[in-house]
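S.K.: Listed in order, the protein sequences are those of chains A and B. Residue numbering for the first sequence follows our numbering, beginning at 1 and increasing consecutively. Residue numbering for the second sequence follows our numbering, beginning at 1001 and increasing consecutively. So that we are looking at the same thing, I have put the structure below in structure tokens.
Protein chains: 2
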Amino acid sequence: MINTLSLQDTAELIREALSSRRFIVMICMCEAQYIGRARSFLEKGERLIVIKEDTSFLIHRPTELEPVNWQPPPNHISISLGENCVILTVRRVRKPERVVVKIYSFKGFFSDKLSDNGSFHMHLSEKEISEILRKHPELIEDGFRIVSTEFREKAGIIDVLGVDAKGRRTIVEIKKDKAGKDAVKQVLRYVREAGTGVRAILLSPNITPEAEKMLRKNGLEFKKISMLELSRIITYEEHSESSMSRFLRGE
Amino acid sequence: MINTLSLQDTAELIREALSSRRFIVMICMCEAQYIGRARSFLEKGERLIVIKEDTSFLIHRPTELEPVNWQPPPNHISISLGENCVILTVRRVRKPERVVVKIYSFKGFFSDKLSDNGSFHMHLSEKEISEILRKHPELIEDGFRIVSTEFREKAGIIDVLGVDAKGRRTIVEIKKDKAGKDAVKQVLRYVREAGTGVRAILLSPNITPEAEKMLRKNGLEFKKISMLELSRIITYEEHSESSMSRFLRGE
DNA sequence: CGCTTAATATCGTTT
DNA sequence: AAACGATGTTAAGCG
Chain A
1 MINTLSLQDT AELIREALSS RRFIVMICMC EAQYIGRARS FLEKGERLIV
51 IKEDTSFLIH RPTELEPVNW QPPPNHISIS LGENCVILTV RRVRKPERVV
101 VKIYSFKGFF SDKLSDNGSF HMHLSEKEIS EILRKHPELI EDGFRIVSTE
151 FREKAGIIDV LGVDAKGRRT IVEIKKDKAG KDAVKQVLRY VREAGTGVRA
201 ILLSPNITPE AEKMLRKNGL EFKKISMLEL SRIITYEEHS ESSMSRFLRG
251 E
Chain B
1001 MINTLSLQDT AELIREALSS RRFIVMICMC EAQYIGRARS FLEKGERLIV
1051 IKEDTSFLIH RPTELEPVNW QPPPNHISIS LGENCVILTV RRVRKPERVV
1101 VKIYSFKGFF SDKLSDNGSF HMHLSEKEIS EILRKHPELI EDGFRIVSTE
1151 FREKAGIIDV LGVDAKGRRT IVEIKKDKAG KDAVKQVLRY VREAGTGVRA
1201 ILLSPNITPE AEKMLRKNGL EFKKISMLEL SRIITYEEHS ESSMSRFLRG
1251 E
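And the structure:
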């Protein structure tokens, strides 16, 4: 950590890091003013300042999850020297909002290009979903009774097989992403193999217009499910005494 | 920035910083898994990790304003050594949620107690506007008399409650941005709870056409206010010699 | 572009 | 502890 440089030198460091679009982290004594949708003033104190490669801007205090000041990108960021401080001005490009920070001294400084190509996945497998539905068939429909899950057929594995409130055999197909024509074709294969008088419901967070048209034309049904809702259910339920809850407690 | 230490040494540094509740900043190659209200996995990449003095936890990627993973305090944070990595486990105390981070190498490390006693002021929030109106009820309407501000009702907090020149009870709702349907719905909730014979005025710098239609249909009223004008008022009236005003003058 | 809805929303206050 | 309302909410989807 650099902490022996003059303010002038540090200002030059920041200017250089900004111009080459590096990721910047500063731990410093500062005060900050925000003017935009509202106004705010943050008195002097030691904080973490982050400037990201896309000009995202954050000031974090030593406690609390949320930043005390921030500016979503894109921003125009400029540096100047004040009386006994470095002045950082962060202006939003698309809106009349700005944060002005006066930095009086540095405890830490870092700047570099960061290499991050890893992707981020939010998930809940179709298997996990069918397990949740086994415990909560009412999420499919009131009065629904599940006969089997992960049922192997010639046409493929049927996620959920059950009987509805009126006693009709029903196939349920789960898609954790937006359902397309492929999903509908898959359900159609199951239905054709199962024979006449079988209902089929496609469960997914969303469906494309074309897929929905095809589905209606073939007398199939669509029901929207929220993945978040489902994951909440498992989180709260398995709270009792399962491998999941033990895991969550770190045992 | 420390970047020549072994993983083992760095783990020890983190452990020590955690036990003395210091503010920790790391720039490192890591992957992260979240299990809780939802589930997610973040593949390997270089990121900023922040652990605050109250155990607030954040992982930031090189771009985007928002953290990719986080845990609100209080957390229980533990460190262990993996195959070729440091494993950081962040478990929320009040909820079954955890983030597990595997750190493979460090580009930067900082830890220290930060001293931040400066206070944070917001100006021209709806609360502050209602305070200005309390002092200047004529800005609402000639002859308007304010009974109370920030009045808590079941339906929500009524910004201003007053009596107009003709003696009618009047609800005033303030929106500092353009008022939309939500704002109108909010006022409607108040009016319905308040009963018959109550006026309601929506004060804001602007209103969407649909919201205005909805408002007229329900017999509510709209009055335009200028935030700039209001902020001028506080600029003149507010504490003239605070650190804020000195700052604004650039001292 | 504007409107609607979801979010690991967060955060404070009241019941 | 749970529920509700406000937020400099933010962010994504859709018409």
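Yeah, the Cβ is synthetic: ideal placement off N, Cα and C, and Gly gets one too.
Nearest to residue 205(A) by alpha carbon, out of 173(A), 185(A), 36(A) and 151(A)?
M.R.: The shortest Cα separation from residue 205(A) among 173(A), 185(A), 36(A) and 151(A) belongs to 173(A).
S.K.: For a cutoff of 8 Å on Cβ pairs, would you count residue 1068(B) as touching chain A?
M.R.: With 8 Å as the cut-off, residue 1068(B) counts as an interface residue toward chain A.
S.K.: For residue 1021(B), which residues does DSSP report across the bridge?
M.R.: For residue 1021(B), which the question treats as bridged, DSSP gives no partner whatsoever.
S.K.: Assuming residue 955(B) contacts residue 1156(B) under a Cβ cut-off of 8 Å, what Cβ separation, rounded to an integer in Å, is found between them?
M.R.: The structure shown does not extend to residue 955(B), since chain B spans only 1001 to 1251, so no value can be given for it.
S.K.: State yes or no: is the C-beta of residue 1149(B) within less than 8 Å of the C-beta of residue 1164(B)?
M.R.: No. Outside cutoff.
S.K.: Any beta-carbon of chain B closer than 8 Å to the one on residue 203(A)?
M.R.: Judged by the 8 Å Cβ criterion, residue 203(A) is not in contact with chain B.
S.K.: With 16 as the cutoff for other CB atoms within 10 Å, does residue 88(A) come out buried or exposed?
M.R.: Residue 88(A) comes out buried.
S.K.: Work out the CA separation of residue 199(A) and residue 74(A) for me, nearest whole Å.
M.R.: One C-alpha to the other measures close to 51 Å.
S.K.: Given a cut-off of 8 Å on the beta-carbon distance, is the pair residue 1027(B) and residue 1082(B) in contact?
M.R.: The answer is no: Cβ separation not under 8 Å.
S.K.: Cβ closer than 7 Å: which chain A residues qualify as neighbours of residue 1063(B)?
M.R.: Under the 7 Å cutoff, chain A gives 52, 53, 54 and 56.
S.K.: How about residue 1241(B): is its C-beta nearer than 8 Å to some C-beta of chain A?
M.R.: Note on residue 1241(B): pLDDT 36, under 50, position unreliable in the model; no value is reported.
S.K.: Can you tell me whether DSSP reads residue 1230(B) as helix, strand or coil?
M.R.: In the structure shown, residue 1230(B) sits in a helix (DSSP, three-state: H, G or I).
S.K.: What did DSSP end up calling residue 49(A) once you bin it into helix, strand or coil?
M.R.: Residue 49(A): strand per DSSP, three-state reduction.
S.K.: Go through the segment 97-159 of chain A residue by residue and report every complete run of the beta strand (DSSP E) that reaches 3 residues or more, in order.
M.R.: If we require 3 residues or more, the beta strand (DSSP E) runs fully inside the segment 97-159 of chain A come out as 98-112, 120-122 and 145-153.
S.K.: Residues in the same chain with beta-carbon distance under 8 Å from residue 1094(B), minus the five sequence neighbours each way, listed in chain order, please.
M.R.: Excluding sequence neighbours, residue 1094(B) sits near 1074.
S.K.: Do residue 1092(B) and residue 1035(B) come within 8 Å of each other at the CB atom, strictly closer than that value?
M.R.: Against a cut-off of 8 Å, the Cβ pair of residue 1092(B) and residue 1035(B) comes out as no contact.
S.K.: Closest Cβ-Cβ distance between residue 76(A) and chain B: below 8 Å?
M.R.: So, not an interface residue.
S.K.: For residue 1039(B), which residues in chain A fall below 8 Å Cβ to Cβ?
M.R.: Going along chain A in sequence order, the residues near residue 1039(B) (Cβ under 8 Å) are 122, 123, 124 and 231.
S.K.: Figure out for me which residue from 1021(B), 1209(B), 1151(B) and 1171(B) has the closest Cα to the Cα of residue 1192(B).
M.R.: Checking every option, the nearest Cα to that of residue 1192(B) belongs to 1171(B).
S.K.: Among residues of its own chain, excluding the 5 on either side of residue 1214(B), which ones have a beta-carbon nearer than 7 Å to its beta-carbon?
M.R.: Cβ within range, chain order: 1181 and 1184.
S.K.: In chain A, which residues lie less than 7 Å from residue 1107(B) when you measure between Cβ atoms?
M.R.: Those are 112, listed as they occur along chain A.
S.K.: Does the structure place the segment 1057-1067 of chain B close enough to the segment 1015-1029 of chain B that three or more beta carbon pairs sit under 8 Å?
M.R.: Contact fails: fewer than three Cβ-Cβ distances are below 8 Å.
S.K.: Would you please verify whether the beta carbon of residue 1137(B) is less than 8 Å from any beta carbon of chain A?
M.R.: Output row for residue 1137(B): interface = no.
S.K.: Looking at the strands, I want to know which residues DSSP matches up with residue 86(A).
M.R.: Looking at the DSSP assignment, residue 86(A) forms a beta bridge with 81(A) and 103(A).
S.K.: Once you ignore the five residues that flank residue 102(A) on each side, which residues in its own chain have a CB closer than 7 Å to its CB?
M.R.: So the qualifying residues of the chain are 30, 31, 82, 85 and 87.
S.K.: Check whether the Cβ atoms of residue 1195(B) and residue 42(A) sit closer than 8 Å, and answer yes or no.
M.R.: For residue 1195(B) and residue 42(A), no; Cβs fall outside 8 Å.
S.K.: Does DSSP put residue 1095(B) in a helix, in a strand, or in coil?
M.R.: The answer is coil: DSSP assigns residue 1095(B) none of H, G, I, E or B.
S.K.: Answer with yes or no whether the minimum CB distance from residue 1119(B) to chain A is below 8 Å.
M.R.: Chain A contact via Cβ: present.
S.K.: Under 8 Å Cβ to Cβ from residue 1168(B), same chain only, skipping five residues before and after it: list those, please.
M.R.: Correct list, in chain order: 1197, 1198 and 1199.
S.K.: Please list the terminal residues of the continuous beta strand (DSSP E) segment that includes residue 173(A).
M.R.: First-last of the beta strand (DSSP E) with residue 173(A): 169-174.
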